[in-house]
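Asks: Protein chains in written order, with this note's numbering: chain E, 47 to 361; chain D, 7 to 96; chain Z, 577 to 678; chain V, 17 to 493.
In this text, a Cβ means the ideal position worked out from N, Cα and C, and glycines have one as well.
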Amino acid sequence: MNLLLDGLLVLALLWSAWRALASPDLARAVVLFIVFGLLMALAWARLNAPDIALAEAAIGAGLTGALLLDALGRLQPGTGAPAPESPAQPPANRAGRRWTGSVALVAGLLAAALAYALFQLPAPTVRLPEQVAANMAASGVDHPVTAVLLNFRGYDTLLEVAVLLIALIGLLTLGPAAGRPAAPGPANPLLKALARLLVPLMILSAGYLLWAGAHRPGGAFQAGALLAAAAVLLHLAQLLPAWASPGRLLRLGLAGGFLIFLGVAAALLAEGALLTYPPAQAGGLILLIEAGLTVSLGLILAGLFLLFAGAEERP
Amino acid sequence: MSAGLLYALAGVLLFALGLGGIVLLRHALRRILAFNVMGSGAFLVLVGLAQRDGGADPVPQAMVLTGIVVAVAATALALALLRRLPEDRP
Amino acid sequence: MLEALSALLLLAGAGFYLAGTVGLLRFPDVYARLHALTKADNLGLGLTVLGLALQADSLAAALKLLLIWPLALAASATVSHAIARRAAGLGLKPWRPEEKRP
Amino acid sequence: MNGLLDPLPWLILLPLAWASLAFLLGPGRGGRLALAGLAGQLALALWLARRLIEGGPVSHAVGGWGAPLGIDLYADGLSAVMLLLTQAVALPLAFYARAYFAQGAGQFWPLAGFLLAAMNALFLAADLFNLYVTLELLGLAAVGLVALGGGAEPSRAALRYLVVSLAASGAYLLGVALIYGSYGTVAIAPLTPLIAAQAPLAVGLAAGLMLLGLVAKSALFPFHFWLPPAHGGAPAPVSALLSALVVKAAFYLILRLWLGPFAPLTADWGWLPALAGAGAILWGSWQALRTPRLKQLVAWSTVAQLGYLFLIFPLFGLKEPALQAGTLQAVAHGLAKAAMFAAAGILLKATGRDAVDGLAGVAGRLPLTLFAFGLAGVTLMGLPPSAGFLAKWLLIDAALEQGLWPLVAIVLAGGLLAAAYVFRVLRQAFLLAPEAQQFHPVPRRLEWAAFGLAAASVLLGLRGVELMALLGIGVAP
């Protein structure tokens, strides 16, 4: 029975991904991609990876979807008319069709070889889950994924926050776009009411997610994504203006989480190696880092949407 | 044929679909969609293979969490660059 | 006893979801489809959540499940209002019986 | 060894620190911070090299957990040489950039800081997934730098570069996923003994995917199309950083995987990268000869010179000389290409046009810059006493020893073609300037930075011995 459900989910995943990439209408492609993101969240839940399901729903489908819809809005002015038919189908001429056919063939062969290889795999020699379980006591948290994310492979997470910060800095480099000003239109009263109702709840549950991360699925990334969602909602309800290039305080907020993480990492060098939490204070230090990250990730993820999102002035 | 292996197979197919999409599609926004599909496929293979004989393995799950955040960072930068291209030939 | 009631609720919820989807496919214009989606699906969601709450292992989990419903109601109401408002802004007239099918 | 006195973590934490502080200071600020940070990093790299010569390879278990569970940092001769190259090129380029961006560098300093941090992290990483994250950090920082100039064309070049880089990272990530699925770990140290010649098909596919992704990131011949518009269109300090350093990171990683965990799988595949390398040399030089724009010429020269790096792969029967030839070529090209792009930036600023035929009369006005351009050309052509000559000599010597005649022909042909496109620029520069041509003043510091780099690339040829000694540490002959 389980495999039937998984099978259906996999078919839905493949179908929505295929339609998202091959549909002629750009708007339909973006919406189908958001459906694909939500189905991915279901798939992670089925693979009993609740942390990833949370992140996929909040970041993969939610924030990426919002960014894509925003980009779509800029490509065609808000006339609501169906998007100019940018043909997703391969070009009609023979050379184009042959090229498409050969690329599809190569991709198909690669998929077939990989699929065949998956069935030949021997059992892995190194069993990391046991090692994680064995060292959980010294990790300072009870939830294995948070222990791996912040302690065992904390160095990955340090670099990953740097990746997010550098993406935002890349956005700042580009400055205001010369695109058509987005048509603001009259504010939707119902959306304003919903925003006022939901945002406090979102901030509360972000705090809950941050706190729960120590012993249940949750953590800084999911909490930060929720804060970003709150900011996006406020902006759509026109209660929060778009951000121009950030001032000193906002820059501190954006880089603050990363600087805290960096500072703790450097200070812990005295313990013998980078990011070596003394077992006694490990839990407290991880919570400090996660709290700083939640605020900064919330601001950065919100910034990816809000920066220069307003009516751009001509350069 | 455990659930993990099934999802790993789905991941392989999604990866091939995304890779084909990146090469074939001409509109930049579609290529960004294809990249995200490809990334999701690779993540599915990472967790699916690691959990092919049951049992949740937190290490690949933490890696995928890192990967999802990296993917959204890259997508946001790509969309910002897309905004700078002249509208006629995205 | 609890399992039977929960299964019944889940089946009823699935029934309403089915009705909502059929409505989405069959109704002639965007306004009617919004009715189908917001009314049938939300009721379906309510029944499903209620059914699951009965099977929840702790009261806290059951209450969290039940919290999903009002949130979904508020969100879908606002979204359907926004869509309808947008459709009206674009000049889409609601369907009249005497017109030929679009 | 107390962590505080270990150069490995500081080589990563220091650039991350000054990059994020430069971001805090606001757009355009952070130049002095960068100079101080880079000076510190150069000192750390030299200290690391000394410790390696004394005590052999150094490793650092992050978090104190040890390889399979935690992440390790590892430094041997190869990574020490690449670290020295990175800091030695970045410091003069920082001087150059401070003078180049007179009106305001925007976000140049944070972007450059994170780029250098990513490179140091990549040279020290010993964990495949950690390498994925550093590759992404490197890619996004590089794309941000390419788009620094603003405008439609750089944005299009940056977007194409980003899409190619992301597709390559996706392939690399799938390889890591397959490796983790097969062996249960992604740490390089425990993996190397596990991977045998008759590894399962999935591991072979993983190796292929990872190496293919890295080849695309290093712009080797079939995948070079994104490099000329990206490096040619960016501001001069950015092009110098990208061409001299960023493509070398991907090459280093290919070398690390080819000789390390995937050695049994890649034993008899050496001819493939060499073939692509030969193609790169011929196609890159041909395009460099034809392009009217100066910075495009230098960018196509990068595509060509990268080809040399991949000629060493069939020579790994004797690992020591082939590795020396490849690494020395990487170091020589790094210094020379940084100098060439710096000089091209000055010529462009002075003449106001990015055109080779707009350089008439430059010899009289900017003698130091043209001399720097010429010195860099000497290294690219491989004339004695430059380091380029030493690298090509080692390559030819190793090729002759193993009887691979075609490689020798390709190396010589490449040298001649390099001479052709360098003299194309020099010939233009010595023509008399038309009266209408007026030259904008250029700060002297720019010229001295370019000259310093070019001189280093030539003088390195004389001091190659120490580099070879350092390189030999930790690499089994």
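Quick one: grab the DSSP three-state call for E:GLY321.
Replies: Taking the first sequence and counting its residues from 1, one reaches residue 321 of chain E at position 275. The amino acid occupying residue 321 of chain E in the given sequence is Leu; Gly does not appear at that position. E:LEU321 falls in the coil class under three-state DSSP.
Asks: Here's the rule: buried if 16 or more other CB atoms are within 10 angstroms of the residue's CB, otherwise exposed. What is E:LEU59?
Replies: To locate residue 59 of chain E, count along the first sequence from 1; it is residue 13. Buried.
Asks: If we define contact as Cβ-Cβ less than 8 Å, is E:ASP71 a contact residue for chain V?
Replies: In the first sequence, counting from the first residue as 1, residue 71 of chain E sits at position 25. Judged by the 8 Å Cβ criterion, E:ASP71 is not in contact with chain V.
Asks: Just the chain D side, please: which residues come within less than 7 Å of E:ARG297 by C-beta, in chain order?
Replies: Within the first sequence, the letter at position 251 stands for residue 297 of chain E. Within chain D, no residue comes near E:ARG297; the closest Cβ sits about 18 Å away, beyond 7 Å.
Asks: Classify V:ASN14 as buried or exposed, calling it buried when 16 or more other Cβ atoms lie within 10 Å of its own Cβ.
Replies: This structure cannot settle anything about residue 14 of chain V, because the visible part of chain V is limited to 17 through 493.
Asks: For the alpha helix (DSSP H) that contains V:VAL438, what are its first and last residues?
Replies: As a position in the fourth sequence, residue 438 of chain V is number 422, starting the count at 1. Element bounds for V:VAL438: 421–445.
Asks: Look at V:ALA142 and V:ILE204 and say whether their C-beta atoms are less than 8 Å apart.
Replies: The sequence position of residue 142 of chain V within the fourth sequence is 126, counting from 1. The sequence position of residue 204 of chain V within the fourth sequence is 188, counting from 1. Cβ atoms of V:ALA142 and V:ILE204: closer than 8 Å.
Asks: Using 8 Å as the limit for Cβ to Cβ distance, is E:THR171 near chain D?
Replies: What you label residue 171 of chain E is simply residue 125 of the first sequence in a count that begins at 1. Not closer than 8 Å to any Cβ of chain D, the Cβ of E:THR171 fails to qualify, so no.
Asks: Within the same chain, show all residues whose beta-carbon is closer than 7 Å to that of D:LEU31, passing over the 5 residues directly before and after it, in chain order.
Replies: Taking the first residue of the second sequence as position 1, residue 31 of chain D is located at position 25. So the list reads ARG37 and ALA40, once near-sequence residues are dropped.
Asks: Whether or not the stretch 257–267 of chain V and the stretch 186–201 of chain V are in contact is what I'm after, with contact meaning three or more pairs of Cβ atoms, one per stretch, closer than 8 Å; do they touch?
Replies: These segments do not touch.
Asks: Following the continuous alpha helix (DSSP H) through V:LEU334, name the residue where it begins and the one where it ends.
Replies: Sequence index remark: in the fourth sequence, residue 334 of chain V carries index 318 (1-based). No alpha helix (DSSP H) holds V:LEU334; DSSP gives it neither H nor E.
Asks: Just to confirm my understanding: we take E:VAL56, look at its own chain, exclude 5 residues before and 5 after, and list those with CB closer than 8 Å. What are they?
Replies: Start at 1 with the first residue of the first sequence, and residue 56 of chain E comes out as number 10. Cβ neighbours of E:VAL56 beyond the five flanking positions: ALA89.
Asks: Using a Cβ-Cβ cut-off of 8 Å, state whether D:ILE74 counts as contacting chain V.
Replies: Here residue 74 of chain D corresponds to residue number 68 of the second sequence, with the count starting at 1. Chain V, which has no Cβ nearer than 8 Å to the Cβ of D:ILE74, makes this no.
Asks: What residues from chain V crowd round D:PRO66, counting only those whose CB sits closer than 7 Å?
Replies: Looking up residue 66 of chain D in the second sequence gives position 60. Result: TYR196.
Asks: Counting pairs of beta carbons, one from the stretch 69–82 of chain V and one from the stretch 308–323 of chain V, are three or more of them closer than 8 Å?
Replies: The stretch 69–82 of chain V vs the stretch 308–323 of chain V: no contact.
Asks: Using 10 angstroms around the beta-carbon of V:GLU152, count the other beta-carbons present and answer buried if the total reaches 16, otherwise exposed.
Replies: For the purposes of this step, residue 152 of chain V is identified with residue 136 of the fourth sequence, where counting begins at 1. Burial call: buried.
Asks: Relative to the alpha-carbon of E:ARG199, which residue among E:ALA153, E:ALA290 and E:LEU174 has its alpha-carbon at the smallest distance?
Replies: As a first step, residue 199 of chain E is located in the first sequence; it is residue number 153 there, counting from the start. Selected option, being the one with the closest Cα: E:LEU174.
Asks: Can you find a C-beta in chain E that's less than 8 Å from the C-beta of V:GLN123?
Replies: Against the fourth sequence, residue 123 of chain V aligns to sequence position 107. Cβ-Cβ to chain E under 8 Å: yes for V:GLN123.
Asks: For the pair the stretch 269–281 of chain V and the stretch 210–227 of chain V, tell me if three or more CB-CB distances fall below 8 Å.
Replies: Taking 8 Å as the limit for Cβ pairs, the verdict is that the stretch 210–227 of chain V does touch the stretch 269–281 of chain V.
Asks: If you run the structure through DSSP and keep just helix, strand and coil, what is Z:ASP605?
Replies: The count along the third sequence starts at 1 and reaches residue 605 of chain Z at position 29. Three-state result, Z:ASP605: coil.
Asks: For the beta strand (DSSP E) that V:ASP88 lies in, which residues bound it at each end?
Replies: Locating residue 88 of chain V in the fourth sequence gives position 72, where the first residue counts as 1. Per DSSP, V:ASP88 belongs to the beta strand (DSSP E) from 87–91.
Asks: Specify the secondary structure class of V:TRP242 as computed by DSSP and reduced to three states.
Replies: Mapped onto the fourth sequence, residue 242 of chain V falls at position 226. V:TRP242: coil per DSSP, three-state reduction.
Asks: Counting only C-beta atoms, is E:ARG74 closer than 8 Å to chain D at any point?
Replies: By 1-based counting over the first sequence, the position of residue 74 of chain E is 28. Chain D contact via Cβ: absent.
Asks: For V:HIS76, report the span of its alpha helix (DSSP H) as first-last.
Replies: Translated into positions along the fourth sequence, residue 76 of chain V becomes position 60. Note, V:HIS76: premise wrong, no alpha helix (DSSP H); beta strand (DSSP E) at 74–78.
Asks: Starting from E:ASP52, find everything on chain D with Cβ-Cβ shorter than 8 Å and list it in chain order.
Replies: For this step, residue 52 of chain E is matched to residue 6 along the first sequence. Within 8 Å Cβ-Cβ: ALA9, LEU12 and TYR13.
Asks: Compute the distance between the beta-carbons of V:LEU140 and V:LEU27, then report whether it is under 8 Å.
Replies: Within the fourth sequence, residue 140 of chain V is the residue found at index 124, counting from 1. Within the fourth sequence, residue 27 of chain V is the residue found at index 11, counting from 1. Going by C-beta atoms, V:LEU140 is nearer than 8 Å to V:LEU27.
Asks: Tell me whether the beta-carbon of D:ALA48 lies closer than 8 Å to the beta-carbon of V:LEU189.
Replies: For the purposes of this step, residue 48 of chain D is taken as the residue at position 42 of the second sequence. For the purposes of this step, residue 189 of chain V is taken as the residue at position 173 of the fourth sequence. Yes, the Cβ-Cβ distance between D:ALA48 and V:LEU189 is below 8 Å.
Asks: Just the C-alpha distance for V:VAL170 and V:ALA163, rounded to the nearest angstrom, thanks.
Replies: To locate residue 170 of chain V, count along the fourth sequence from 1; it is residue 154. To locate residue 163 of chain V, count along the fourth sequence from 1; it is residue 147. It should be pointed out that residue 170 of chain V corresponds to Pro in this sequence rather than to Val. Using only the alpha carbons, I get a separation of about 5 Å.
Asks: Here's the rule: buried if 16 or more other CB atoms are within 10 angstroms of the residue's CB, otherwise exposed. What is V:VAL427?
Replies: As a working mapping, residue 427 of chain V is identified with position 411 in the fourth sequence. Flag for V:VAL427 reads buried.
Asks: In or out: V:HIS76 buried (at least 16 other Cβ within 10 Å) or exposed?
Replies: The residue you call residue 76 of chain V lines up with position 60 of the fourth sequence. That one is buried.
Asks: Give a yes or no on whether the minimum CB-CB distance between E:PRO175 and chain D is below 8 Å.
Replies: As a working mapping, residue 175 of chain E is identified with position 129 in the first sequence. It does: the Cβ of E:PRO175 has a partner Cβ on chain D nearer than 8 Å.
Asks: Would V:GLY44 pass as a contact of V:LEU30 if the rule is Cβ separation under 8 Å?
Replies: In the fourth sequence, counting from the first residue as 1, residue 44 of chain V sits at position 28. In the fourth sequence, counting from the first residue as 1, residue 30 of chain V sits at position 14. No.
Asks: Quick check: what's the CA-CA separation for E:LEU264 versus D:VAL78?
Replies: One-based indexing of the first sequence puts residue 264 of chain E at position 218. One-based indexing of the second sequence puts residue 78 of chain D at position 72. Here residue 264 of chain E turns out to be Gly, not Leu, going by the sequence shown. Distance between the alpha carbons of E:GLY264 and D:VAL78: 18 Å.
Asks: Tell me which residues share the same chain as D:SER8 and place their Cβ nearer than 7 Å to its Cβ, disregarding the 5 neighbours each side in the sequence.
Replies: For the purposes of this step, residue 8 of chain D is taken as the residue at position 2 of the second sequence. These residues qualify, in order along the chain: ARG58, ASP59 and GLY60.
Asks: Count the other CB atoms, across all protein chains shown, that sit within 10 Å of the CB of V:GLY72; report buried if there are 16 or more and exposed otherwise.
Replies: The residue labelled residue 72 of chain V in the question sits at position 56 within the fourth sequence. Exposed is the call here.
Asks: Residues of the stretch 44–69 of chain D in Cβ contact with chain V at a cutoff of 9 Å, in chain order, please.
Replies: Cβ contacts with chain V come from MET44, GLY45, GLY47, ALA48, PHE49, LEU50, VAL51, LEU52, VAL53, GLY54, LEU55, ALA56, ARG58, ASP63, VAL65, PRO66 and MET69.
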